[in-house]
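Protein chains in written order, with the UniProt record's numbering: chain A, 1 to 291; chain B, 1 to 291. Note sheet for the following structure.
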């Protein structure tokens, strides 16, 4: 799979070139433009427990990231203040918010989990992810809920808000944790159903680019990235930006502990951004030479 | 797999007999005793959106159920009032609370999702479930978080509360939704790791009993039960109590819409309880005849 991914045309294109694909869902187009202009393929994983910590982290790393990945359900005081704060920082510093909910239920339950309850994810996160295990109906169920949320949001000029108010989905196609049970057949099904739902599925959480057919232009985000490879005691395994972007042709590195545990988070984010961007430039350059 | 399940000794034992197994995790033992004494293998799925509706439903069906299954994240005003109310009704009417969270992340994230945030699930739900896709480390991660929560709860006499303050896990071993990607190999892995972690894993969410080895005594809960078979437009598929308990040797039927959408929920719960219990009695009786 790796060598196929390396040969796919998307690995030799710039983010800017890829953003011009007219088949992209609007949010994917927006994100590729953002990465291109801001020159960062870094996503930071905000594994913090208070609104204050979350907003402070967003301030610290906001200039260096394209996406902030959240787990709203581990923020003890999550509420309106969290949402307003996140919206404000993300607009000012220009990054997207990705709630790493890993939806994995049947259609009717999914729709409620996406739109209701204390988290009401659809209202503030433009990207969410879902596993495909419950079956392909998860995609139209979430797409439909997103469509209705967008319509409900855009009902009056006063509430119209700054564009883009888009929503898109990443399928959880692979994981990096030890002994995980994601089979190649499962990953293949994710790719298949992503192609069937290009108007809502923007890409994958995966270890490598899954683009194979000529017009595949999915965005791959890869978690578990650190500057040095290794693991933790609970099955997490780490890869470097060079390996993930350079060799495995992923598009966005997701970094958690490597930045959160750093004494100077701003500096660490700056360093990861640099490494991720260098790996990307080098990959595109070397792929073009080969042609 | 079905015929094996039917031949397994657990399908010919009463819930009372099965509760005497000294290898059971305390909560499994408690639940089997509860089912035996209350004569109900019915779990109601509380897919409602307000604390008021949730507590009203618990009042209505509480006398007829052994477990109330919740989705806390779809309750718009979920908070301390919800938890206090649920605890009060569940103690008075004697049923366990099962938060259908379907955990599916890496160990460190899982622990936070289980114990922190607006939902703080470990504090009020004695049963939760998890998928095994991220790898077997999910089980010790949750078990460890549960152990610490139990210790933290039992720190003073004032907070000791009525026993039992136990926690246990159901592995998401199979689903019923159309086109789901749960393979037999995955289900087998769930069984394998459940056996390795009997002190915390009480059983499975599955379509049928997975008990195979002589000393397997796992509790199976099966969702998607209605009095007549069928499906919805989003991939959900229904089975009857007779099929689930009688033929597939599951232990607990999970009923959602069949009771929630009924004009008289109390009456509907009474009817499902009766059907589930008859199917169980008939199964045990016929299995004993064959011996």
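Where is the CB? At the ideal position from N, CA and C, for every residue including glycine.
Determine whether the Cβ of residue 267/B lies closer than 8 Å to any Cβ atom of chain A. The residue you call residue 267/B lines up with position 267 of the second chain. No, its Cβ sits nowhere closer than 8 Å to a Cβ of chain A.
Within 10 angstroms of its Cβ, does residue 160/B collect 16 or more other Cβ (buried), or is it exposed? Within the second chain, the letter at position 160 stands for residue 160/B. Any answer about residue 160/B is weak, because its pLDDT of 43 lies below 50 and its placement is not dependable; what the coordinates show is given next. So residue 160/B counts as exposed.
Any residues in the stretch 38-62 of chain B with a beta carbon nearer than 8 Å to a beta carbon of chain A? Which ones, in chain order? 47, 49
Which residue marks the beginning of the alpha helix (DSSP H) containing residue 107/A, and which one marks its end? Mapped onto the first chain, residue 107/A falls at position 107. 107-115 is the span of the alpha helix (DSSP H), which, as asked, contains residue 107/A.
Consider the Cβ of residue 117/A: report whether some Cβ of chain B lies at a distance smaller than 8 Å. Working through the first chain from its first residue, we reach residue 117/A at position 117. With 8 Å as the cut-off, residue 117/A counts as an interface residue toward chain B.
Starting from residue 43/A, follow the beta strand (DSSP E) in both directions and report where the run begins and ends. Numbered from its first residue, the first chain carries residue 43/A at position 43. Residue 43/A -> beta strand (DSSP E) spans 42-46.
Does chain A have any CB closer than 8 Å to the CB of residue 133/B? One-based indexing of the second chain puts residue 133/B at position 133. Chain A contact via Cβ: present.
Would you mind stating whether residue 106/A and residue 136/A have Cβ atoms separated by less than 8 Å? Sequence index remark: in the first chain, residue 106/A carries index 106 (1-based). Sequence index remark: in the first chain, residue 136/A carries index 136 (1-based). Taking 8 Å as the Cβ cut-off, residue 106/A and residue 136/A do not qualify as a contacting pair.
Just the chain B side, please: which residues come within less than 7 Å of residue 12/A by C-beta, in chain order? In the first chain, the residue the question calls residue 12/A occupies position 12. Residues of chain B passing the Cβ test: none, with the nearest at roughly 32 Å.
Top-ranked residue by Cα proximity to residue 191/A, from 211/A, 179/A, 177/A, 175/A: Counting from one through the first chain, the residue named residue 191/A turns up at place 191. Closest option to residue 191/A, Cα to Cα, is 211/A.
Return yes when the Cβ of residue 281/B is within less than 8 Å of the Cβ of residue 227/B, no when it is not. Numbered from 1 along the second chain, position 227 holds the residue referred to as residue 227/B. Numbered from 1 along the second chain, position 281 holds the residue referred to as residue 281/B. Result no, Cβ atoms of residue 227/B and residue 281/B do not sit closer than 8 Å.
Can you give me the Cβ contacts of residue 95/B inside the same chain, cut-off strictly under 7 Å, excluding the 5 residues immediately before and after it? On the second chain, residue 95/B is found 95 positions in, with the first residue counted as 1. For residue 95/B, where only same-chain residues beyond five positions count, the Cβ hits under 7 Å are 62, 65, 66, 67, 68.
First and last residue of the alpha helix (DSSP H) that includes residue 149/B? Looking up residue 149/B in the second chain gives position 149. First-last of the alpha helix (DSSP H) with residue 149/B: 138-153.
Comparing alpha-carbon positions, which option in 225/B, 217/B, 246/B lies nearest residue 22/B? Mapped onto the second chain, residue 22/B falls at position 22. Out of 225/B, 217/B, 246/B, 217/B has the C-alpha closest to the C-alpha of residue 22/B.
Does DSSP put residue 160/A in a helix, a strand or coil? Sequence index remark: in the first chain, residue 160/A carries index 160 (1-based). Residue placement at residue 160/A cannot be trusted, given a pLDDT of 43 that sits under 50; what the coordinates show is reported in the next sentence. Reduced to three states, the DSSP call for residue 160/A is coil.
With a CB to CB cut of under 8 Å and the five nearest residues on each side skipped, what residues in its chain are close to residue 83/A? By 1-based counting over the first chain, the position of residue 83/A is 83. Hits under 8 Å: 123, 124.
Does any CB atom of chain B fall closer than 8 Å to the CB of residue 179/A? Here residue 179/A refers to the residue found at position 179 of the first chain. Interface residue, yes.
Could you tell me which of 249/B, 56/B, 199/B sits nearest to residue 208/B, measuring between CA atoms? Taking the first residue of the second chain as 1, we reach residue 208/B at position 208. Measuring from the Cα of residue 208/B, the nearest candidate turns out to be 249/B.
Where the alpha helix (DSSP H) containing residue 258/B begins and where it ends: Here residue 258/B is taken as the residue at index 258 of the second chain, counted from 1. From DSSP, the alpha helix (DSSP H) with residue 258/B extends over 257-260.
Which residue spans inside the stretch 67-94 of chain A form an unbroken beta strand (DSSP E) run of at least 3? 67-70
Judging by CA-CA distance, which residue of 246/B, 197/B, 222/B, 289/B is the nearest neighbour of residue 173/B? Position 173 of the second chain, counting from 1, holds the residue named residue 173/B. Of 246/B, 197/B, 222/B, 289/B, the residue nearest in Cα terms is 222/B.
Quick check: the Cα distance between residue 30/A and residue 213/A, rounded to an integer number of angstroms? Taking the first chain and counting its residues from 1, one reaches residue 30/A at position 30. Taking the first chain and counting its residues from 1, one reaches residue 213/A at position 213. Straight-line Cα distance between these residues: approximately 22 Å.
Buried versus exposed call for residue 148/A [16 or more other C-beta atoms within 10 Å across all chains shown]: As a working mapping, residue 148/A is identified with position 148 in the first chain. Result: exposed.
When the distance is taken between beta carbons, is residue 27/B closer than 8 Å to residue 167/B? Mapped onto the second chain, residue 167/B falls at position 167. Mapped onto the second chain, residue 27/B falls at position 27. Their beta carbons are under 8 Å apart, which means residue 167/B touches residue 27/B by this criterion.
For residue 220/B, does the three-state DSSP call read helix, strand or coil? Residue 220/B sits at position 220 when you count from the first residue of the second chain. If DSSP states are grouped into helix, strand and coil, residue 220/B belongs with the strands.
Just tell me which of 144/A, 232/A, 177/A, 151/A has its CA closest to the CA of residue 199/A. Working through the first chain from its first residue, we reach residue 199/A at position 199. For residue 199/A, the nearest C-alpha among the options comes from 144/A.
One question on the structure: do residue 234/A and residue 108/B come within less than 8 Å of each other, judged by their Cβ atoms? Numbered from its first residue, the first chain carries residue 234/A at position 234. Numbered from its first residue, the second chain carries residue 108/B at position 108. Yes.
Could you check what DSSP says for residue 129/A in three-state terms: helix, strand or coil? If you number the first chain from 1, residue 129/A lands on position 129. DSSP places residue 129/A in strand when its eight states are reduced to three.
How about residue 10/B and residue 36/B: do their beta carbons lie closer than 8 Å? Position 10 of the second chain, counting from 1, holds the residue named residue 10/B. Position 36 of the second chain, counting from 1, holds the residue named residue 36/B. No, the pair does not count as a contact, with Cβ atoms beyond the cut-off.
For residue 92/A, which residues of its own chain have a beta-carbon under 6 Å away from its beta-carbon, when the five flanking residues on both sides are left out? Residue mapping note: residue 92/A aligns to position 92 of the first chain, counting from 1. None.
Of the listed residues 32/A, 48/A, 24/A, nearest to residue 256/A (C-alpha basis): Indexing the first chain from 1 puts residue 256/A at position 256. Residue 256/A has its Cα closest to that of 48/A, out of 32/A, 48/A, 24/A.
Please classify residue 271/A: does DSSP put it in a helix, a strand, or coil? For the purposes of this step, residue 271/A is identified with residue 271 of the first chain, where counting begins at 1. If DSSP states are grouped into helix, strand and coil, residue 271/A belongs with the helices.
List the whole-angstrom C-beta distance separating residue 57/A from residue 265/A, where the pair is believed to meet the contact cut-off of C-beta under 8 Å. In the first chain, counting from the first residue as 1, residue 57/A sits at position 57. In the first chain, counting from the first residue as 1, residue 265/A sits at position 265. At roughly 7 Å, the Cβ-Cβ gap stays under 8 Å, so residue 57/A and residue 265/A are in contact.
Check each residue of the stretch 207-240 of chain A: if its Cβ is closer than 9 Å to any Cβ of chain B, include it; give the result in chain order. 223, 224, 232, 233, 234, 235, 236
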